[in-house]
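Asks: Here it is, the structure in full.
Numbering (this note's numbering), first residue to last: 205 to 281.
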């Protein structure tokens with residue numbers, strides 16, 4: 205069964221699909237330009253220690269994303 209959760213809760217090696225971006229318009233444009241769009245699948249490649257950033261792979265692009273930003277991205281697991 206698929207569940208909705210924050211991107212920050214996805215574990216290393218898992219894949220998910222973006223369902224909603226709960227961010228301001230400017231940041232949403234930036235995420236879209238980097239490939240993080242609603243409906244896109246991604247994989248968590250690495251998680252930095254001490255609540256550090258997440259390395260997210262969308263297609264062939266790797267993005268470092270702060271956890272507080274990842275908390276505002278809703279994904280389907």
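The beta carbon of each residue, even a glycine, is placed where N, CA and C say it ideally should be.
Start and end of the alpha helix (DSSP H) containing residue 273?
Replies: 271-274
Asks: Can you tell me whether DSSP reads residue 212 as helix, strand or coil?
Replies: helix
Asks: For residue 281 versus residue 214, is the C-beta distance shorter than 9 Å?
Replies: yes
Asks: Straight-line CA distance for residue 236 to residue 225?
Replies: 10 Å
Asks: Please say whether residue 245 and residue 222 have beta carbons closer to each other than 9 Å?
Replies: yes
Asks: At what residues does the beta strand (DSSP E) containing residue 234 begin and finish?
Replies: Not the beta strand (DSSP E): residue 234 falls in the alpha helix (DSSP H), residues 229-238.
Asks: Who are residue 251's beta bridge partners in DSSP?
Replies: Paired residue(s): 258.
Asks: Assuming residue 211 contacts residue 279 (C-beta within less than 8 Å), just tell me the rounded distance between them.
Replies: Sure, about 5 Å apart at Cβ, within 8 Å.
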